[in-house]
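Residue numbers (our numbering), protein chains in the order written: chain X, -16 to 132; chain S, -16 to 132. Here's the structure, in structure tokens; my notes come after.
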DNA sequence: TTGAATGCAAATCGTTTGCATCTCA
DNA sequence: TGAGATGCAAACGATTTGCATTCAA
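Spelled out as structure tokens, the structure:
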């Protein structure tokens, strides 16, 4: 058990993996550490480059990165973020928030979702005639940042 | 000028292309007709298969489909839809709505966005410290439909 | 007439798969 | 010990590019 920046209790990476039914392997630990250190969405290549940079880490194959991203996503530890880029981006699935994305330079600003929006989305989900379980949503804003405008 | 299903005035495809600075070519007309006929998001391969089926249409190369989807999207006639699938999906950009997507069978249900949500999103945009122009947003719900649940 | 659109072949990019080997639990 | 994880090479699917030719305006 340790503390994060804001002083909240957080579980260790080991426990996080165990809790979600994932074996603890060096690759998995390294990848999760990169997500925790870099607080922005990352794609497979981003992760792979970070792994190469860190000389304390034995080289991890790019394919292993893809496989781990897949298993971490399926187990719910990380989630996919829609940034309208060519590659698939992921981030930790521990803090519900959304993004404003600059379509010119790629800058990302986070925003916390308003509780009112969540309620409205729930209402929409209830009204649906064809769906029973609506579990997730994507909500991202796109535009140009102050520098690019 | 012609009428659509709901009796609203709609401009012809020719005018739509002209208005958005696109040359009128057989490929472009055929592709737009497919979007208008099928009222669901379509990817390049979907379009290409539809073109092959229709024997009134001279075969159009798959690459031409990609190039046209790109130019139609850049000119604002069609827009990209985030369905969390591998290929890029597009639909006509004339009727602002969002989607509920079944992550199991791919079923898509449309929903009109609540005006309250739009207001809340505008507030979020105004609060942003790093962005000046926020023009678009993605908002899709994901879950399982009644059949798959 | 001219810049844009097309077709074809080939290349590219992100991602996945098969298979032998290794490792965590 | 056995299921899952890894590395390597190869395959794959979606999309893009180069280039010569054709076409819309």
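C-beta atoms are modelled at their ideal positions from N, C-alpha and C, and glycine is treated no differently.
Where residue i meets chain X, residues with beta-carbon distance less than 8 Å
| i | result |
| --- | --- |
| residue 125 of chain S | 117, 118, 119, 120 and 121 |
| residue 94 of chain S | 107, 110 and 111 |
| residue 97 of chain S | 103, 106 and 107 |
For residue i, three-class secondary structure by DSSP
| i | result |
| --- | --- |
| residue 6 of chain X | coil |
| residue 64 of chain X | strand |
| residue 21 of chain X | coil |
| residue 118 of chain S | strand |
| residue 91 of chain X | strand |
| residue 96 of chain S | coil |
| residue -5 of chain X | coil |
Cα-Cα separation, residue i to residue j
| i | j | result |
| --- | --- | --- |
| residue 176 of chain X | residue 41 of chain S | The first residue shown for chain X is -16 and the last is 132, placing residue 176 of chain X beyond what the model contains. |
| residue -10 of chain S | residue 19 of chain S | In this prediction, residue -10 of chain S has a pLDDT of 42, which is less than 50 and means its spatial position is unreliable; what the coordinates show is noted afterwards. Going by the C-alpha atoms only, they are around 15 Å apart. |
| residue 93 of chain S | residue 63 of chain S | 15 Å |
| residue 131 of chain S | residue -6 of chain X | 34 Å |
| residue 87 of chain S | residue 127 of chain S | 6 Å |
| residue 190 of chain S | residue 58 of chain S | Residue numbering for chain S in the displayed model covers -16 to 132; residue 190 of chain S lies beyond these limits and cannot be assessed. |
| residue 33 of chain X | residue 1 of chain S | 48 Å |
| residue 65 of chain X | residue 85 of chain S | 17 Å |
| residue 47 of chain X | residue 67 of chain X | 24 Å |
| residue 122 of chain S | residue 100 of chain S | 10 Å |
| residue 31 of chain S | residue 14 of chain S | 9 Å |
| residue 44 of chain X | residue 80 of chain X | 31 Å |
| residue 165 of chain X | residue 103 of chain S | Shown here, chain X extends from -16 to 132; a query on residue 165 of chain X therefore has no answer. |
| residue 21 of chain X | residue 38 of chain S | 53 Å |
| residue 8 of chain X | residue 119 of chain X | 29 Å |
| residue 35 of chain S | residue -4 of chain S | 21 Å |
Candidates the options: closest to residue i by CA position
| i | options | result |
| --- | --- | --- |
| residue 112 of chain X | S:100, S:118, S:108 and S:90 | S:90 |
| residue 72 of chain X | X:28, X:103 and X:58 | X:28 |
| residue 52 of chain X | X:120, X:38 and X:76 | X:76 |
| residue 109 of chain S | X:115, X:104, X:108 and X:129 | X:129 |
| residue 115 of chain X | S:56, S:117, S:125 and S:116 | S:125 |
| residue 56 of chain X | X:123, X:103 and X:11 | X:11 |
| residue 105 of chain X | X:117, X:96 and X:95 | X:117 |
| residue -2 of chain S | S:21, S:60, S:39 and S:36 | S:60 |
| residue 70 of chain X | X:5, X:78, X:54 and X:26 | X:26 |
| residue 74 of chain S | S:35, S:17 and S:83 | S:17 |
| residue 82 of chain S | X:3, X:95, X:-4 and X:107 | X:107 |
Per-residue contacts from residue i into chain S (C-beta, under 7 Å)
| i | result |
| --- | --- |
| residue 27 of chain X | Result: empty, since nearest Cβ-Cβ is about 15 Å, beyond 7 Å. |
| residue 108 of chain X | 124 |
| residue 52 of chain X | Near residue 52 of chain X there are no residues of chain S at all, since even the closest Cβ is about 15 Å away, more than 7 Å. |
| residue 83 of chain X | 111, 114 and 117 |
9 Å Cβ cut-off: residues of chain X touching residue i
| i | result |
| --- | --- |
| residue 74 of chain S | Result: empty, since nearest Cβ-Cβ is about 15 Å, beyond 9 Å. |
| residue 57 of chain S | The premise fails here: residue 57 of chain S is roughly 12 Å from chain X at the closest Cβ pair, so nothing lies under 9 Å. |
| residue 90 of chain S | 113 and 114 |
Proximal residues of chain S, C-beta to C-beta of residue i below 9 Å
| i | result |
| --- | --- |
| residue 132 of chain X | 114, 115 and 116 |
| residue 67 of chain X | 63, 65 and 121 |
Residues that residue i contacts on chain X, provided the C-beta gap is smaller than 7 Å
| i | result |
| --- | --- |
| residue 129 of chain S | 113, 114 and 115 |
Closer than 8 Å at the beta carbon, the chain S residues around residue i
| i | result |
| --- | --- |
| residue 100 of chain X | 100, 103 and 104 |
* Scan the stretch 26 to 83 of chain S and note each continuous alpha helix (DSSP H) run of 4 residues or more that stays entirely inside, going in chain order. => Complete alpha helix (DSSP H) runs here, min 4: 27 to 36 and 45 to 57.
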